[in-house]
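Numbered according to full-length UniProt numbering, the sequence shown spans residues 1 to 586.
Below: the structure, in structure tokens.
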Amino acid sequence: MKELQHLNKYFYKYRYKLLSGVIITIVARIFLLFTPELVGSSVDVIDEYRKGIITDMAVVKRELLINILYIVGAAVIGGIFTFLMRQTIINVSRYIEFDLKNEVYQQYQRLSLDFYKSNRTGDLMSRISEDVGKAREYAGPAIMYSINTLTLFVIALFLMFKSAPLLTLYTIIPLPVLSYLIYVLSKTIHKRSTIVQVWLSKLSTFTQESFSGVSVIKSYGIEEQVNADFDTLSTESREKNINLTKVQALFFPLMIFLIGLSNIIVIYIGGKQYIDGEIESLGVIAKFIIYVNLLTWPVATVGWVTSVVQRAEASQKRINEFLKQEPTIKNNTQEHTTVEGNIEFSNVSFTYPDTNIEALKGISFSLKKGETLAILGKTGSGKSTVLDLIGRLYDINQGSITIDDKPIDMLNLNDLRNSIGYVPQDAFLFSDTIKNNIMFGKENATDEDVINAAKNADVHKNIKKFSKGYDTVLGERGITLSGGQKQRVSIARAIIKSPKILLFDDCLSAVDTETEEKILKNLSKVSEGKTTIIVSHRISSAKNADKVIVLDDGKIIQSGSHETLLNSDGYYKELYLKQLTEKEIS
1 MKELQHLNKY FYKYRYKLLS GVIITIVARI FLLFTPELVG SSVDVIDEYR
51 KGIITDMAVV KRELLINILY IVGAAVIGGI FTFLMRQTII NVSRYIEFDL
101 KNEVYQQYQR LSLDFYKSNR TGDLMSRISE DVGKAREYAG PAIMYSINTL
151 TLFVIALFLM FKSAPLLTLY TIIPLPVLSY LIYVLSKTIH KRSTIVQVWL
201 SKLSTFTQES FSGVSVIKSY GIEEQVNADF DTLSTESREK NINLTKVQAL
251 FFPLMIFLIG LSNIIVIYIG GKQYIDGEIE SLGVIAKFII YVNLLTWPVA
301 TVGWVTSVVQ RAEASQKRIN EFLKQEPTIK NNTQEHTTVE GNIEFSNVSF
351 TYPDTNIEAL KGISFSLKKG ETLAILGKTG SGKSTVLDLI GRLYDINQGS
401 ITIDDKPIDM LNLNDLRNSI GYVPQDAFLF SDTIKNNIMF GKENATDEDV
451 INAAKNADVH KNIKKFSKGY DTVLGERGIT LSGGQKQRVS IARAIIKSPK
501 ILLFDDCLSA VDTETEEKIL KNLSKVSEGK TTIIVSHRIS SAKNADKVIV
551 LDDGKIIQSG SHETLLNSDG YYKELYLKQL TEKEIS
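Below, the structure written as structure tokens:
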């Protein structure tokens with residue numbers, strides 16, 4: 001129960017709703033327990049008429065009619081309170097589920113990039129859905145059935161002992177056995193359910209990847225192999241589900257058997273006691289049979305509740321593991337920061353914590369507000385890492401990075417990132433309209449802002465060709481668009497927010513040189529007065545930059561202006577001549 005203590009703050013938050021739910025539950029059970037006593041009384045009236053104690057049939061009819069009205073009234077009132085019970089306690093569990101999911105999601109937002117590199121997306125989704133759902137069962141149904149069972153047991157056993165103590169002892173013998181067997185059965189069901197969930201996850205992952213990679217599957221002509229693999233997975237999943245169903249099928253037959261056993265005990269022992277004169281009236285046996293049927297399900301839930309609590313604790317433990325994690329990148333100040341755009345790297349070295357790859361080695365450069373820097377180099381030379389460090393997705397191991405002469409880790413993290421427009425190398429678009437994908441950079445943007453941003457990214461004409469234009473809903477990860485279109489929409493998303501710092505990570509690799517020239521010309525206007533860093537493999541993206549640096553194996557091997565680097569031998573000049581030759585040939 002230690003792990004579940006995390007939910008106590010939510011119980012306290014909704015304490016008044018829970019307390020009213022508890023009171024309503026007790027009242028509902030009390031009205032439910034009127035029925036056995038009234039039925040017993042009715043049987044006694046009939047028995048007394050049969051024995052000749054009551055001779056007037058009108059008296060019998062009147063007594064039976066009154067009892068029937070009381071039974072109907074108690075059932076109606078008990079039903080109303082049962083409805084209110086569920087509306088309070090179960091609703092509270094939904095509120096707690098809502099709050100817990102938000103808490104987990106907010107924690108996901110706080111955690112740093114390295115966290116997502118070491119955890120699978122499926123596992124993260126499972127914790128915010130399946131695990132939170134298990135915790136909700138503890139906060140709602142488990143509490144409700146526990147109160148229900150306790151109330152019924154206390155009141156019913158009191159009334160039963162009051163009527164026939166010995167018969168009560170015989171009657172309740174099967175109930176603890178039922179509770180224990182249900183507990184064992186629930187544990188087995190839980191284990192097999194977990195296995196079923198694992199295989200469901202495998203099936204979901206397989207189908208998701210198949211749908212996402214359907215073009216690759218078709219182009220390689222491996223549909224039959226994929227179908228065979230899916231058939232193997234689904235067959236195994238079917239077997240696991242059948243194993244679960246076999247155990248679940250025992251649940252109700254077991255309950256019916258033990259209910260029947262209790263009823264047999266009541267009839268046999270009670271009948272014998274009635275014959276021997278140990279029980280005063282036949283109505284006692286009648287109401288005991290009803291008590292047994294009322295108590296059986298609550299007793300069965302004891303085992304079920306125990307299993308629910310165990311599952312909830314295991315799930316909450318998994319949730320707590322995430323909630324206790326602290327982000328490696330922390331916001332060290334709550335003071336508002338205004339970013340102008342002056343950037344300086346001084347002897348910066350950085351090693352990725354998850355791979356131990358040293359990406360940067362003693363990098364130094366400086367940029368004044370409004371200047372443009374182009375970074376070129378081979379794949380894996382550390383170009384993208386520079387941009388990640390400016391966005392403070394990672395903290396450096398050595399050296400210093402300052403923004404406006406302030407250490408980057410002393411700036412308000414939210415203000416820093418809000419002042420950056422970042423276009424990643426792998427453009428990620430959401431399954432939403434093109435308009436909303438562009439507005440992601442500026443939520444309060446007008447239609448005019450969206451169109452201007454799209455025009456500057458040279459994607460407006462492409463968007464207008466779609467039947468729904470800017471209201472076109474994109475497929476998963478923007479699959480509706482071509483690679484070049486996705487990159488340009490991503491550029492529009494960055495520039496619409498008019499940030500102080502613009503970071504472009506090889507974001508023109510999927511467009512032709514003519515389109516690249518148009519976009520760069522537009523960007524030169526858009527980025528006026530903004531500090532801009534362009535990572536690229538093309539000289540054309542770097543030639544208009546104020547400064548150019550060339551990286552190789554994490555080190556700066558060349559730096560200067562476009563003209564300066566062309567006048568000296570090295571990687572930059574070689575790349576320029578190579579690309580110039582390729583352009584002439586094409």
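For glycine and all other residues, C-beta sits at the position ideal for the given N, C-alpha and C.
- When S215, N263, V284, H190 are compared, the shortest CA-CA separation from K240 is found for H190.
- Here the alpha carbon of N332 sits roughly 6 Å from the alpha carbon of M410.
- Taking 8 Å as the cut-off, the Cβ atoms of L282 and D47 count as close.
- In the displayed model, E280 falls within coil according to three-state DSSP, outside both helix and strand.
- Residue pairing by DSSP places E358 opposite T351 in a beta bridge.
- Boundaries of the beta strand (DSSP E) around Y422: 420 to 423.
- For V550, the uninterrupted beta strand (DSSP E) segment begins and ends at 547 to 552.
- Taking one beta carbon from each stretch, the stretch 129 to 148 and the stretch 25 to 39 have 3 or more pairs nearer than 8 Å; the two touch.
- Under DSSP, no beta-bridge partner is assigned to T88.
- If you ignore the 5 residues before and after N347, its C-beta comes within less than 8 Å of the C-beta of G362, I363, S364, Q398, G399, S400, all in its own chain and listed in chain order.
- With fewer than 16 other Cβ atoms from the protein chains shown falling within 10 Å of its own Cβ, F428 counts as exposed.
- The three-state reading of DSSP puts D449 in helix, counting H, G and I together.
- Looking only at K101, S118, S384, the smallest Cα-Cα distance to A135 is reached by K101.
- In this structure, the straight-line span from the alpha carbon of L389 to that of I396 is close to 7 Å.
- Between L502 and G421 a beta carbon distance of about 5 Å is seen, short of the 8 Å cut, so the two are scored as contacting.
- Judged by beta-carbon spacing, S262 lies within the 8 Å limit of V292, meaning their Cβ atoms are closer than that value.
- Contact annotation: S93 and A58 have beta-carbon atoms that are not nearer than 8 Å.
- Nearest C-alpha to P424 among V216, T433, G391: G391.
- N227 has its alpha-carbon roughly 37 Å from the corresponding atom of N436.
- If you check the CB distance, I155 and R29 come in under 8 Å.
- Shown here, K317 sits in a helix according to DSSP, grouped into three states.
- For S179, the secondary structure class from DSSP, reduced to helix, strand or coil, is helix.
- C-alpha of H537 to C-alpha of D404: approximately 29 Å in a straight line.
- Judged by beta-carbon spacing, D552 lies within the 8 Å limit of K378, meaning their Cβ atoms are closer than that value.
- Collapsing the DSSP output to three states places I329 in coil.
- The alpha-carbon separation between F153 and G21 amounts to approximately 18 Å.
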